[in-house]
Amino acid sequence: MTRRWGPIVTGVALALTFAVLVGLGTVGPAAGGDDPAPAAQGSAAPPSWMRKLRPGEKPPQFVLFSFDGAGSHEHWQRVLPLAEKVNAHVTGFLSGIYLLPDTRRGEYTGPGHAPGRAAIGFGGTEQEVANRIADLNDAVARGHEIGTHYNGHFCSGNEPSGSRWSTAQWTAELDQFFGFVRDAATRGLLVAENTIKGGRIPCLEGDFAALAPALAAHGLAYDSSLTSDGITWPQLRDGIWQFRVPVVRVPALAGKKVIMMDYNLWYSLNGAQEEPSRDKEFTAVTLDTYRAAYQAALNTNRAPLTVGNHFNDWSGGAFSDATEQFMAEVCVREHTVCATYAQVIKWMKLQDPEVLDTFRTMPPAQLT
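Per my numbering, the sequence shown runs over residues 98 to 465.
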């Protein structure tokens, strides 16, 4: 039986279709601002936390900031200086058609769809695409990671959606994504194809059994589209690391459980309606949720915390503001590392499997 990824808050998948688019032993290594940044490409110096845990030592508390779409010049210009200031490293999940100017939209054919059709915009003008390439180059030069958000953003209600795609269709979608990356390299993109190691599918919709072979065929190592009840450690399934997006209790919603992504929080708060008088309230609610999730993981299983977002200005930028405030305060804390997915995988491979299993078998971290 096909299993869709969820749970998804009622109505979120459809609404997202139209959105243009993150107690054992001693404590772990100090992190935050005291650690050097991860080595830039070509450098051999790792950060101090990139090592095997000592006996009885806890893992650092990893926080994974990720941004779906990764196409907004304005948001890259906000995130990159902030991340550098607080020693954070983030992951941008790039929508491949953002590398195609509008005049070349006919070069994309979504599985089951007509050429030139997508549920999100294309790249805009030639100059807008050039600016985006410059932003992506700046990001990788600073040690950030670029992954895939695929291309057309076909969610439920925009059929055939990714929730119904076969392995062959996912393969076609990834073939085109990497084709757009290679084409952009001829126009100056410095994101090496072999550095793209994972991604997140639009609306968290799909059949992992169908997707996994397509990921493996393209040399991808991880996915961050499945959800989990609480905050859990990544699991290796079908050769792919699964970094799950947590479903958490939201204090301001009387403990209602919501997928901890910006749009899902917005939908749960007021049906994803623009309501300027509540923008600051939504920032506060989101920030409180992030803080509570971080503390829950830190105090229990130390599972990496996925903070999934988009480069957007929904509700007056309420959710972007919350994410940036959280990044500014949490990434400088002791025993905390704001890292990319590839960095966490590299760190996990350094550990004794039985040590990680000790933490992996602990109950998921839950917000109280």
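The C-beta atom is built at its ideal place from N, Cα and C for all residues, glycine as well.
Check	Outcome
Is it true that the segment 354 to 362 meets the segment 405 to 419, where meeting means three or more beta-carbon pairs spaced less than 8 Å apart?	yes
If you draw a straight line from the C-alpha of H210 to the C-alpha of I230, how long is it?	27 Å
Please classify S163: does DSSP put it in a helix, a strand, or coil?	strand
What number of angstroms, rounded off, separates the C-alpha of G285 from the C-alpha of R151?	43 Å
Tell me the DSSP bridge mates of S258?	None, per the DSSP bridge assignment.
Quick one, which of G327, A238 and A415 has its alpha-carbon nearest L402's?	G327
Excluding sequence positions up to five away, which residues of its chain have a Cβ less than 8 Å from the Cβ of T222?	P198 and D199
Look at T283 and E242 and say whether their C-beta atoms are less than 8 Å apart.	no
Assign P373 to one of two classes, buried (16 or more other C-beta atoms within 10 Å of its C-beta) or exposed (fewer than that).	exposed
Quick one: grab the DSSP three-state call for R239.	coil
Roughly how many angstroms separate the alpha carbons of N291 and T329, rounded to a whole number?	28 Å
Just to confirm, is the Cβ distance from A314 to A400 under 8 Å?	no
For P156, does the count of other Cβ atoms within 10 angstroms reach 16, so buried, or fall short, so exposed?	buried
Among residues of its own chain, excluding the 5 on either side of K149, which ones have a beta-carbon nearer than 7 Å to its beta-carbon?	L447 and Q448
Who pairs with F190 in a beta bridge, going by DSSP?	D165 and G244
So Y387 and A439 are supposed to be a Cβ contact under 8 Å. How far apart are they, rounded?	At roughly 22 Å, the Cβ-Cβ gap does not stay under 8 Å, so Y387 and A439 are not in contact.
Closest by CA to W331, which one among N398, E426 and Y364?	For clarity, residue 331 is Pro in the given sequence; the question names Trp instead. Nearest option by C-alpha distance: N398.
In the DSSP assignment, the alpha helix (DSSP H) including W338 goes from what residue to what residue?	Counting along the chain, W338 falls outside any alpha helix (DSSP H), though it belongs to the beta strand (DSSP E) covering I337 to Q339.
If you compare alpha carbons, which of Y364, A349 and L395 is closest to E378?	A349
Give, in chain order, every unbroken run of the beta strand (DSSP E) that is at least 3 residues long and sits entirely within the segment 338 to 397.	342 to 346 and 354 to 356
Once you ignore the five residues that flank G352 on each side, which residues in its own chain have a CB closer than 7 Å to its CB?	R346
How would you label D165, buried or exposed, when you count the other beta carbons within 10 angstroms and need 16 or more for buried?	buried
Which residues share a DSSP beta bridge with N406?	F164
Per DSSP, which residues does L333 bridge with? Please list them.	W338
Please name the residue in E371, M424 and G413 whose C-alpha comes closest to that of D385.	M424
Return helix, strand or coil for C435, following the three-state DSSP convention.	strand
At which residues does the beta strand (DSSP E) containing S325 begin and terminate?	T324 to D326
How about V183 and V429: are their beta carbons less than 8 Å apart?	yes
Note down, in chain order, each residue of its chain lying with its Cβ closer than 8 Å to the Cβ of L179, except the 5 sequence neighbours on either side.	A185, E421, M424 and A425
So, helix, strand or coil for Y205, using DSSP?	coil
Who are the near neighbours of W173 in its chain, counting only those whose CB is closer than 6 Å to its CB and skipping five residues on each side?	D232
Quick check on the DSSP output: the alpha helix (DSSP H) that includes W146 runs from which residue to which?	Run containing W146: none; DSSP gives neither H nor E here.
To which residues does DSSP link A462 through a beta bridge?	I328
For P257, which residues in the same chain have their Cβ closer than 6 Å to its Cβ, ignoring the five residues on either side in sequence?	G209
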